[in-house]
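Working notes for the structure below.
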Ligand SMILES: Nc1nc2c(ncn2[C@@H]2O[C@H](COP(=O)(O)OP(=O)(O)OP(=O)(O)O)[C@@H](O)[C@H]2O)c(=O)[nH]1
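Residue numbers (the working numbering): 1 to 341.
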């Protein structure tokens with residue numbers, strides 16, 4: 001049999017939406033800015049599977065000088081625990097934020113979450129005020145903020161889940177009431193505040209939009225699930241084309257893979273015809289559950305090269321991004337800034 005050669009680039013067949021900046025994202029961000037004076041720390045959550053792409057430049061600008069912890073969520077979905085790959089990957093990602101405390105976390109891992117609690121409790125330079133310490137948790141939609149807070153509370157003060165979580169973005173729509181996660185003898189307890197996930201105004205690179213959609217930062221209806229699986233297939237093939245061997249030989253063709261997957265998992269419509277959209281959504285869910293390999297979608301070496309080369313600014317600057325967003329809004333007043341999701 002001929003050796004399988006994966007695609008080295010993803011071909012874009014059609015237009016892919018580049019924004020998911022909703023009304024409650026804008027309102028949430030504005031409230032966060034207004035309450036910054038009463039906040040001691042910001043915990044910025046990013047997705048472990050897209051550690052570069054899930055950085056939202058809006059937070060850099062809005063929450064600028066506050067003491068910051070960067071938390072990469074969903075670690076369990078992006079690497080094999082204690083593997084050399086995990087160690088190398090985390091070393092590279094950590095080097096991107098030399099000035100911040102950086103944590104890699106599977107929310108259900110007591111060891112991972114306890115490190116954050118320990119840092120907040122022991123931070124010698126951090127605030128230790130009688131009124132208590134307030135921590136704002138921010139990040140893209142569906143990145144795992146509420147789940148992290150529930151576990152911080154559970155492992156920190158032994159209390160049950162306080163916040164609603166879910167598999168689609170937009171569960172949290174407003175800044176929540178403070179949740180106590182650490183009791184300190186001094187009486188300066190630590191409280192965290194959940195915030196609505198905020199998407200960026202414009203994603204310049206179509207691949208990045210596909211990565212964010214695969215990670216679940218965008219509602220599943222925004223991009224065709226077949227296009228998403230095609231992109232996922234491209235990524236899986238670069239890592240391990242055996243990951244879907246239950247349903248198909250290694251392939252670069254998305255439709256035969258989805259047909260075979262639909263037939264073997266019983267996702268059939270009238271007359272036994274494979275239900276391709278439903279198969280695509282199920283296939284994506286399998287990846288999101290860690291059932292199709294654990295790898296990251298970003299190329300960290302390319303990011304390092306980009307950071308080393310001051311002339312090669314692949315990402316839009318904040319002012320450029322906001323300009324594009326304003327233009328988009330002017331032209332299509334109700335598409336990207338409505339309150340619906
Ligand atoms: N496997 C895994 N799943 C996680 C982890 N953290 C969160 N999740 C899942 O990710 C989904 C989103 O989590 P949420 O906590 O609701 O995300 P959020 O950032 O609060 O979402 P918004 O309400 O959109 O702001 C849920 O299905 C969680 O169970 C993690 O560390 N590992």
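Cβ atoms here follow ideal geometry from the backbone N, Cα and C, with glycine treated the same way.
Since we're looking at a predicted model, the values are computed, not measured.
Sub-8 Å separation of residue i and residue j beta-carbons
i: residue 33; j: residue 49; result: no
i: residue 197; j: residue 150; result: no
i: residue 103; j: residue 138; result: no
i: residue 222; j: residue 155; result: no
i: residue 152; j: residue 181; result: yes
i: residue 62; j: residue 29; result: yes
i: residue 284; j: residue 225; result: yes
i: residue 300; j: residue 77; result: no
i: residue 202; j: residue 46; result: no
i: residue 42; j: residue 66; result: yes
i: residue 79; j: residue 294; result: yes
i: residue 175; j: residue 193; result: yes
i: residue 169; j: residue 93; result: no
i: residue 140; j: residue 96; result: no
i: residue 251; j: residue 258; result: no
i: residue 69; j: residue 100; result: yes
i: residue 134; j: residue 38; result: yes
i: residue 167; j: residue 216; result: yes
i: residue 195; j: residue 145; result: yes
i: residue 107; j: residue 58; result: no
i: residue 248; j: residue 260; result: yes
i: residue 188; j: residue 228; result: no
i: residue 24; j: residue 246; result: no
i: residue 4; j: residue 231; result: no
i: residue 120; j: residue 190; result: yes
i: residue 12; j: residue 302; result: no
Check: residue i C-beta below 7 Å from any heavy atom of ligand 1
i: residue 291; result: no
i: residue 80; result: no
i: residue 74; result: yes
i: residue 170; result: yes
i: residue 196; result: yes
i: residue 165; result: yes
i: residue 181; result: no
i: residue 344; result: Outside the displayed span of the chain (1 to 341) sits residue 344, for which this structure offers no information.
i: residue 145; result: yes
i: residue 138; result: no
i: residue 226; result: no
i: residue 77; result: yes
i: residue 105; result: yes
Three-way DSSP call (helix, strand, coil) for residue i in this model
i: residue 46; result: strand
i: residue 33; result: helix
i: residue 272; result: helix
i: residue 52; result: coil
i: residue 10; result: coil
i: residue 16; result: coil
i: residue 299; result: coil
i: residue 267; result: coil
i: residue 314; result: In this prediction, residue 314 has a pLDDT of 49, which is less than 50 and means its spatial position is unreliable; what the coordinates show is noted afterwards. Residue state, collapsed to three classes: coil.
i: residue 341; result: Only weak support is given to the placement of residue 341: the predicted model assigns it a pLDDT of 39, under 50, and the question is left unresolved by the model.
i: residue 293; result: strand
i: residue 198; result: coil
i: residue 136; result: strand
i: residue 258; result: helix
i: residue 88; result: helix
i: residue 4; result: coil
i: residue 131; result: coil
i: residue 281; result: helix
is_contact[residue i, chain C] using C-beta, thresh 8 Å
i: residue 198; result: No chain C appears in the structure shown, which is made up of a single protein chain.
If contact is defined by three or more beta carbon pairs under 8 Å, each pair taking one atom from either stretch, is the region 261 to 273 in contact with the region 196 to 216? no
Closer than 8 Å is the cut-off here; do at least three beta carbon pairs connect the region 237 to 255 with the region 53 to 64? No, because fewer than three Cβ pairs between the region 237 to 255 and the region 53 to 64 fall closer than 8 Å, the two stretches do not touch.
Whole runs of the alpha helix (DSSP H) within the region 143 to 173, excluding any shorter than 4 residues: 145 to 157
Mind listing, in chain order, the continuous alpha helix (DSSP H) runs of no fewer than 4 residues lying wholly within the region 200 to 247? Counting whole runs of 4 or more residues, the region 200 to 247 contains the alpha helix (DSSP H) stretches 206 to 214, 225 to 239.
If we require 4 or more residues per run, which alpha helix (DSSP H) segments fall completely within the region 59 to 86? 75 to 78
Does the pairing of the region 278 to 298 with the region 231 to 240 give three or more beta-carbon distances under 8 Å? yes
Which residue spans inside the region 96 to 127 form an unbroken alpha helix (DSSP H) run of at least 4? 110 to 122
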